[in-house]
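Engineer: Have a look at this one.
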Amino acid sequence: MGMGVAGGGRGGGGRRRRGSRGGLMSEINVTPFVDVVLVLLIVFMVAAPMMTVGVAIDLPQTQAREMETPRTPITVSVTPDGIIYVGDDQVGVDGLVAAVASEANGDTESRVYVRGDATANYGMVMQVMGALSGAGYSRIGLITEQAPAQGVGQ
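Read left to right, the sequence shown gives residues 44 to 197 (the working numbering).
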């Protein structure tokens with residue numbers, strides 16, 4: 044009389060082998076993670092416009108016009124002959140301040156650049172700068188050209 048072996052035809056004494064069906068999972072399912080991230084993104088997109096910083100204030104209305112954008116600076120040129128130009132218009136020393144005031148719309152905070160020719164009379168350039176300074180213009184600059192770069196040892 045022989046004894047039968049239990050196990051239903053599978054060998055291994057009842058142990059299961061780790062195969063493709065019942066084995067360990069080596070991959071993570073990211074679908075739930077992506078779902079949560081997208082929900083959070085939508086919540087923050089909806090809530091962000093509602094989060095204003097500061098105190099709620101009812102601002103007054105005014106009839107003031109918008110602030111002007113910064114204008115280009117006013118250029119005053121002095122030629123070697125002592126002729127003065129405001130922009131492209133020739134003026135005399137006596138009409139210099141009026142011409143600059145016209146260009147600046149009366150704003151003494153406007154930048155005024157003085158271009159004196161290298162061979163122009165230094166006294167004339169200083170007279171122009173003195174007249175502008177005396178009229179209240181404090182942002183006066185001299186325009187020069189950059190000298191050519193000299194090599195080392197020259």
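Cβ atoms here follow ideal geometry from the backbone N, Cα and C, with glycine treated the same way.
Quick check: is the beta carbon of T151 nearer than 8 angstroms to any beta carbon in chain D?
Structural biologist: Considering every chain present, this structure includes no chain D. It has just one protein chain.
Engineer: Q170 lies in the alpha helix (DSSP H); which residues open and close that run?
Structural biologist: Per DSSP, Q170 belongs to the alpha helix (DSSP H) from 165-177.
Engineer: Near M172, which residues of its chain fall below 7 angstroms by C-beta distance, leaving aside the five closest residues on each side in sequence?
Structural biologist: Cβ within range, chain order: V157, I183.
Engineer: Give, in chain order, every unbroken run of the alpha helix (DSSP H) that is at least 4 residues long and sits entirely within the region 130-160.
Structural biologist: For the region 130-160, whole alpha helix (DSSP H) runs of length 4 or above, ordered along the chain, are 139-146.
Engineer: Straight-line CA distance for V80 to T74?
Structural biologist: Using only the alpha carbons, I get a separation of about 10 angstroms.
Engineer: My assumption, with CB atoms under 8 angstroms, is that V129 sits in contact with A142. Please give the rounded CB distance.
Structural biologist: That belief holds up - the Cβ atoms of V129 and A142 are roughly 4 angstroms apart, short of 8 angstroms.
Engineer: In angstroms with no decimal places, state the Cα-to-Cα distance between I127 and M93.
Structural biologist: Cα-Cα distance, rounded: 60 angstroms.
Engineer: Return the residue from the list Q104, L139, A107 that minimises the CA-CA distance to V119.
Structural biologist: Checking every option, the nearest Cα to that of V119 belongs to L139.
Engineer: Go through its chain and collect everything with a Cβ distance to P123's Cβ below 7 angstroms, but skip five positions before and after it.
Structural biologist: Excluding sequence neighbours, P123 sits near D160, T162, A163.
Engineer: Going by Cα to Cα distance, which pick from T187, M167, V155, L67 is closest to T115?
Structural biologist: Answer by Cα proximity: V155.
Engineer: How would you write the range of the beta strand (DSSP E) that L185 sits in, first residue to last?
Structural biologist: Where L185 is concerned, the enclosing beta strand (DSSP E) stretches over 183-185.
Engineer: Relative to the C-alpha of L185, which candidate in I117, V136, V134 has its C-alpha closest?
Structural biologist: Ranking I117, V136, V134 by Cα distance to L185 puts I117 first.
Engineer: Under 8 angstroms by Cβ, that's how I've got M167 and G125 pegged, so tell me the actual separation to the nearest angstrom.
Structural biologist: With 8 angstroms as the limit, M167 and G125 qualify as a contact, their Cβ atoms being about 5 angstroms apart.
Engineer: I believe T151 touches G177 by the beta-carbon criterion, under 8 angstroms. Please report the beta-carbon distance rounded to the nearest angstrom.
Structural biologist: At roughly 11 angstroms, the Cβ-Cβ gap does not stay under 8 angstroms, so T151 and G177 are not in contact.
Engineer: Pick helix, strand or coil for V73, following the three-state DSSP scheme.
Structural biologist: Coil at V73, not helix or strand.
Engineer: Which stretch, first to last residue, makes up the beta strand (DSSP E) that contains I117?
Structural biologist: Its beta strand (DSSP E) spans residues 117-121.
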